[in-house]
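When we follow the numbering used here, the leftmost residue of the sequence shown carries the number 165, and every step to the right adds one. Note that beta-carbon positions come from the ideal geometry of N, C-alpha and C, so glycine has one too.
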Amino acid sequence: MSGKDDKHHTLQTRLIHLGRAPEEYFGIVNPPVSRTSTILYPSLDAYEDKDWKYRYARMGNPLSDKFECAMAEIENGHAAISTPSGLTAITTTLLAFLKSGDHLLVTDSLYPPARNFCDNVLTRFGVAVEYYDPLIGAGISGLIRDNTAVIYMESPGSATFEVQDVPAIVKEAVARGIITIADNSWSAGLLFRPLDHGADVSVQSCTKYVGGHSDVNLGVSVARTPDLYKRLKKTALDLGVCAGADDLYLALRGLRTLKLRLRQCGENAMTVARWLKGRSEVQKIYFPALEDDPNHALWQRDFSGTNGLLSILLPPAPKAAVRAFVEGLELFPLGSSWGGYESLLQPQYLKTCRTAVPWKEDGALLRLQIGLEDPQDLIDDLEQAFAKFEAASA
Ligand SMILES: *Cc1c(COP(=O)(O)O)cnc(C)c1O
165 MSGKDDKHHT LQTRLIHLGR APEEYFGIVN PPVSRTSTIL YPSLDAYEDK
215 DWKYRYARMG NPLSDKFECA MAEIENGHAA ISTPSGLTAI TTTLLAFLKS
265 GDHLLVTDSL YPPARNFCDN VLTRFGVAVE YYDPLIGAGI SGLIRDNTAV
315 IYMESPGSAT FEVQDVPAIV KEAVARGIIT IADNSWSAGL LFRPLDHGAD
365 VSVQSCTKYV GGHSDVNLGV SVARTPDLYK RLKKTALDLG VCAGADDLYL
415 ALRGLRTLKL RLRQCGENAM TVARWLKGRS EVQKIYFPAL EDDPNHALWQ
465 RDFSGTNGLL SILLPPAPKA AVRAFVEGLE LFPLGSSWGG YESLLQPQYL
515 KTCRTAVPWK EDGALLRLQI GLEDPQDLID DLEQAFAKFE AASA
């Protein structure tokens, strides 16, 4: 499917060829967008052949195959399913491995809408959901019950970027036959590979760096083994989960520049983070790539680089000062999502979505997505907005 047997090349080179098949399309470089629902059969025998390759677009089609093969290779898994969003990758995967009566352990730092799914949907179907301290490591063993079926991880975590000891958690899970799922959106599959550490499924929001241009909603769920994949694929078929053709096309295109974009966003974030560290307007900065971040050692052990995400905690201040800062920024418009080419700011409200480790900080927590702008322009912009914050705090 991908550039054939080019496993001897580095991932940087393979990213250029993954999920392409010019020979299938008259030499056309990129696999065409196949917008379809119906797929015609040449005969009744073909229709009745259970192994007939493409039956109906929702069940799998040439473009979804290309994308899934590419992502499975990047994540070093057996095979993948594509989903219409990162959130459906998470929900489909959880539904694949849970049943009524099961106990689910979930990191407290997970993506908040995934938490809503656990609290609002899984509990309704009789799954006992328990949140754990993201930094628990091997201590997870103390929370495991006889009916624990799945341990869910996200590393680094949403908003505060706690780096989890994935190898230690997986080790405890494997010893007891528990399925492990890791949200790997932060690394885009390039900076960390949970499956290499024994995790069973790696899920990603490809809306983020893989798409990379703020114009795609797409998810992927990569299984480590054929059996795990079968379970995932069956669940996706039962739920009717499938990704849109244009999104698959754009995500495949995003792969070609993924490494460059990720590296540059990471470098820019490092430059901005170092500058932020010296500022009196910043009470705390959350960025595991900084040497004195409490997560730095584990991040350095397991990750090969950083992305462009960081959060800052402002000192306690009147709402008007926070508003003056947020609305005073020119290059950080207020918006959800990350991983695109442009910088963004999103306020975080953790008091309502942390229970295992309650959020006790005063002061506004703001997540910055550092994009591909000139970092000096970003710093200048932050500096002028901090002046507005100070003026409104006085
Ligand atoms: C954004 C995000 C998701 C959900 O992705 P969508 O494609 O927006 O549904 C999942 N996990 C993490 C960590 C995210 O940041």
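Does ligand 1 have even one heavy atom less than 8 Å from the beta-carbon of residue i?
{"i": "I254", "result": "yes"}
{"i": "E318", "result": "yes"}
{"i": "L382", "result": "yes"}
{"i": "W502", "result": "yes"}
{"i": "W350", "result": "yes"}
{"i": "K372", "result": "yes"}
{"i": "Y211", "result": "no"}
{"i": "P275", "result": "The question names Pro, yet the displayed sequence has Tyr at residue 275. Because some heavy atom of ligand 1 lies under 8 Å away, the Cβ of Y275 counts as near it: yes."}
{"i": "G250", "result": "yes"}
{"i": "D410", "result": "no"}
{"i": "D538", "result": "no"}
{"i": "A260", "result": "no"}
{"i": "A244", "result": "no"}
{"i": "D347", "result": "yes"}
{"i": "A278", "result": "yes"}
{"i": "S322", "result": "yes"}
{"i": "S507", "result": "no"}
{"i": "S385", "result": "no"}
{"i": "S369", "result": "yes"}
Among all the DSSP beta bridges, which residues are the ones paired with residue i?
{"i": "P511", "result": "L530"}
{"i": "Y296", "result": "T271"}
{"i": "K394", "result": "Answer by DSSP bridge pairing: none, since K394 is not bridged."}
{"i": "I343", "result": "V314"}
{"i": "T560", "result": "This structure gives no information on residue 560, because the portion of the chain shown stretches from 165 to 558."}
{"i": "A244", "result": "V386"}
{"i": "Y450", "result": "S475"}
{"i": "L498", "result": "L509"}
{"i": "Q368", "result": "V384"}
Can you tell which of the options has the C-alpha that lies nearest to the C-alpha of residue i?
{"i": "T371", "options": "A387, S246 and R443", "result": "S246"}
{"i": "P206", "options": "A339, T200, R219 and M317", "result": "R219"}
{"i": "A292", "options": "A278, T177, V405 and V314", "result": "V314"}
{"i": "D411", "options": "K171, P248 and I238", "result": "P248"}
{"i": "K282", "options": "R443, M434 and C517", "result": "The amino acid at residue 282 is misidentified as Lys; the sequence shows Cys. Comparing Cα-Cα distances from C282 to each of R443, M434 and C517, the minimum goes to C517."}
{"i": "G241", "options": "L495, V338, L478 and S366", "result": "S366"}
{"i": "R279", "options": "F289, S305, D266 and L251", "result": "L251"}
{"i": "R531", "options": "L227, T174, Q512 and L269", "result": "Q512"}
{"i": "D526", "options": "G183, S385 and L477", "result": "L477"}
{"i": "V139", "options": "D360, L355 and L258", "result": "Summary: the structure shown does not reach residue 139, with the chain confined to residues 165 through 558, and so no result is reported for it."}
{"i": "G183", "options": "L227, Q176 and R222", "result": "L227"}
{"i": "T177", "options": "I238, L204, S385 and C406", "result": "I238"}
{"i": "G404", "options": "T202, E188 and M223", "result": "M223"}
{"i": "L509", "options": "A556, Y295, L414 and F489", "result": "F489"}
{"i": "E318", "options": "V285, A339 and A363", "result": "A363"}
{"i": "G290", "options": "I345, S305, T312 and I304", "result": "T312"}
{"i": "G321", "options": "L259, T257, P452 and V380", "result": "P452"}
{"i": "I304", "options": "A484, A520, K398 and R395", "result": "A520"}
{"i": "R465", "options": "D229, T174 and R357", "result": "R357"}
{"i": "A528", "options": "F553, L454 and T200", "result": "F553"}
{"i": "E294", "options": "K524, L307, T256 and N381", "result": "L307"}
{"i": "L355", "options": "V380, A236, R417 and N471", "result": "N471"}
{"i": "P482", "options": "S557, L542 and S468", "result": "S557"}
{"i": "E375", "options": "R395, K423, L262 and G341", "result": "Reading the sequence as shown, one finds Gly at residue 375 and not Glu. Answer by Cα proximity: K423."}
{"i": "R309", "options": "Y413, G191 and R340", "result": "R340"}
Quick check on residue i - is its C-beta less than 9 Å from some C-beta in chain B?
{"i": "Y296", "result": "The structure shown contains no chain B; it is built from a single protein chain."}
Original post:
So, do the segment 449–459 and the segment 503–522 have three or more beta carbon pairs nearer to each other than 8 Å?
Top reply: no
Subject >> At least 3 beta-carbon pairs within less than 8 Å: the segment 416–427 vs the segment 386–398 >> reply: no
Original post:
Are three or more beta carbon pairs between the segment 286–304 and the segment 322–334 nearer than 8 Å?
Top reply: The segment 286–304 makes contact with the segment 322–334: 3 or more CB pairs, one atom from each, lie closer than 8 Å.
**OP:** Examine the Cβ distances between the segment 430–441 and the segment 195–204 and report whether three or more of them are shorter than 8 Å.
**Re:** Short answer: they don't touch.
Original post:
So, do the segment 264–274 and the segment 443–457 have three or more beta carbon pairs nearer to each other than 8 Å?
Top reply: no
Original post:
Any contact of the segment 528–546 with the segment 478–495, i.e. 3+ C-beta pairs under 8 Å?
Top reply: yes
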